[in-house]
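Presented below is the structure to which this report refers.
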Amino acid sequence: MDAPSYSEPGEYSFESVADPSRGAWIQYTDECESHDFEFTMTASGVYNFRFYVMDKTSGVYYMRVSTNIQVSDRAYPSVGDIVNAAVKKCSKETDGSDYEKALWLHDWLLQQLDYDHSLKWSSAESALTRKLGTCQAYESAYSKLLTAAGIENAETRDTYDGHTWNAMKLDGKWYQVDCTWDDTKDNYYNFDQTHLYFGLTDELMALAHNGHNKIYTASGYGTRSTSLADNYFVRNGDAAKWARAYAERIQKNLNAGKTKFEVSTYNASYPPSISGIQNGIIAYALNQMTWKTGSKKVTLRVAGTSTKLSFTAKYTDTVKRVRIVFAPNGGRVSSGSKTVICGKTYGALPTPARRGYTFAGWYTAKSGGSRIGSSSVVRTTKNQTLYARWKLVKYKIRYSLGRGTNSRSNPAGYTVVSRTIVLKNPVRKGYTFKGWYSDPKFKKKVTKIAAGSTGSRKLYARWVRK
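Residue 311 in the UniProt record's numbering sits at position 311 of the sequence shown; the count goes up by one each step and never skips.
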């Protein structure tokens, strides 16, 4: 006979309840009065049985008998009812994200069954109603749970030994998960081994199942898993904690400026299927961390094996240097440029000079703009021109009239841009004006103040009595 198969009520889509290759399903006997067969049906639904009767004298002809038995008993819910009840509870106890649902259902399933070392029971029916199953049972049951929760999934295998597990799509990316190998009470390696195979890449899963290499490297493989973003240890923070244990050793190599280096791992004595996976997760966590040495940012690429972590480092100077050009804007400046650092202050700035003007500061534009001082912070990452701003100096003209009266045409001051000033004669009763002089002893006569002149002046009127 074949191994019995099971279908949900009304569906007639059958899955073999047990492994049909196991010898328990075929018994050759000598002649006897009866051949009794016993099988316990554990779920509501339809069970199919197929029997083969052969004429042993000829060994050629046989008769096949197939029959369905309908089971409907509230005490024995269907596989679908069990799955839907679990998913309903999952929805209440999680935030509804794909990751949280997949993790909850994973943990729930591991509480439902034990591995069947007889290798007999191999279906979702056996996993969820008989509480026993091989890897096929774990995979089939988890697939039904994921599907009911709205999570895309697929079956994947090891070509060497036929071991099977699930691929699941979380947040748009495929991940490998092996519920069978996670179903362990062992804790030899100081971390939660019941989630070691939850959310792996194909490469990491192949460390445990060598035959998977042939599967995931084949053309047309549809569930390529390359991300660890939703790996269990990445999500719960353990990966970052493991990674930080190597931080001091890594930093020493970075401070030395090494571009390639290796670090031995603390778990090198573990089996490669354990340490290799853990180190791959650690490498991912290290790749997410920010590294620097001095003023340089370090881009670190990390790869893990079962005994070491390998690093490739690229150094980038994080200091952004900006060239500042000084435009004197009609004046003179001793230094035409300087280099500053973005995020730091401008520091000492040159003071330009311009005849007839007072320097009014450096600005980011010829007109308008922002004033820049030595304590101003450099905000730009591009080279910058600063423009000198000027204020005209107004020079005073003082007149020493010796009791005379000045002409209203003589100004009280001027600037470097004033036109030539021709000095007018003052008047004094009983005296004749003999000219303006720049000194009280009347040595240097002045008749005008030429355009472009600078400086305050005192002019002395010379008088001669009539």
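Glycine included, each C-beta is placed from N, C-alpha and C at the ideal position.
As the structure is a computational prediction, the values presented were derived from the model and not from experiment.
Taking the Cα positions, T40 is about 11 Å away from S126.
With distances taken between CA atoms, Y460 lies nearest to D439 out of D439, A451, L145, K443. Look at D238 here: in three-state DSSP terms it is helix. For W291, the uninterrupted beta strand (DSSP E) segment begins and ends at 291–293. Our two residues, D158 and V263, have alpha carbons roughly 31 Å apart in a direct line. Residue pairing by DSSP puts Y52 in a beta bridge opposite R64. Taken in chain order, the complete alpha helix (DSSP H) segments of 4 or more residues contained in the region 94–130 are 98–110. Remark: C-beta atoms of N329 and Y387 approach each other more closely than 7 Å. D317: member of the beta strand (DSSP E) spanning 308–317, first to last residue. DSSP places G172 in the coil class of the three-state scheme, outside both helix and strand. Rounded to whole angstroms, D116 and G294 show a C-alpha spacing of 58 Å.
Around the beta carbon of M168, 16 or more other beta carbons sit within 10 angstroms, so the residue counts as buried.
Put simply, of N187, W104, H212, S66 the residue whose alpha carbon is nearest the alpha carbon of V83 is W104. For the set S269, R130, S275, the Cα lying nearest the Cα of W242 is the one of S275. Within the DSSP bridge table, the entry for E155 names N166 as partners. Check the Cα spacing between S91 and each of A149, D107, R457, K366: the tightest is with A149. If you ignore the 5 residues before and after Y270, its C-beta comes within less than 8 Å of the C-beta of Y189, Q278, S306, all in its own chain and listed in chain order. Judged by their CB atoms, G361 and R354 are not nearer to each other than the 7 Å cut-off. When rounded, the separation of the alpha-carbon atoms in F233 and G280 is 11 Å.
Going by DSSP, L386 is part of the beta strand (DSSP E) stretching over 384–392. Look at G280 here: in three-state DSSP terms it is helix.
Put simply, the region 183–197 does not touch the region 119–135. Fewer than three CB pairs are less than 8 Å apart. DSSP places L423 outside any beta strand (DSSP E), giving it a letter other than H or E. As a beta-bridge residue in DSSP terms, R332 pairs with A353. In the structure shown, R74 falls within a coil segment according to DSSP collapsed to helix, strand and coil. The criterion of a C-beta distance shorter than 7 Å is satisfied by G199 and D230.
Under a 10 Å Cβ-count criterion, Q176 is classified as buried, with 16 or more other Cβ atoms of the shown protein chains found around its own Cβ. Restricting attention to F37, I449, S335, the CA atom closest to the CA of P411 is found in I449. Of R74, G80, T259, the smallest CA-CA separation from T312 is found for T259. Relative to G257, the option among K297, S227, T226 whose CA is nearest is K297. Taking C-alpha positions only, A75 is separated from S66 by approximately 27 Å. DSSP, read as helix, strand or coil, puts G80 in helix. Short of 7 Å from the beta carbon of S376, and not among the five residues preceding or following it, lie these beta carbons of its own chain, in chain order: T345, Y346. One alpha carbon belongs to N166, the other to H106, and they sit about 11 Å apart.
Residue burial is scored here from C-beta neighbours: T358 has fewer than 16 other C-beta atoms within 10 angstroms and is therefore classed as exposed.
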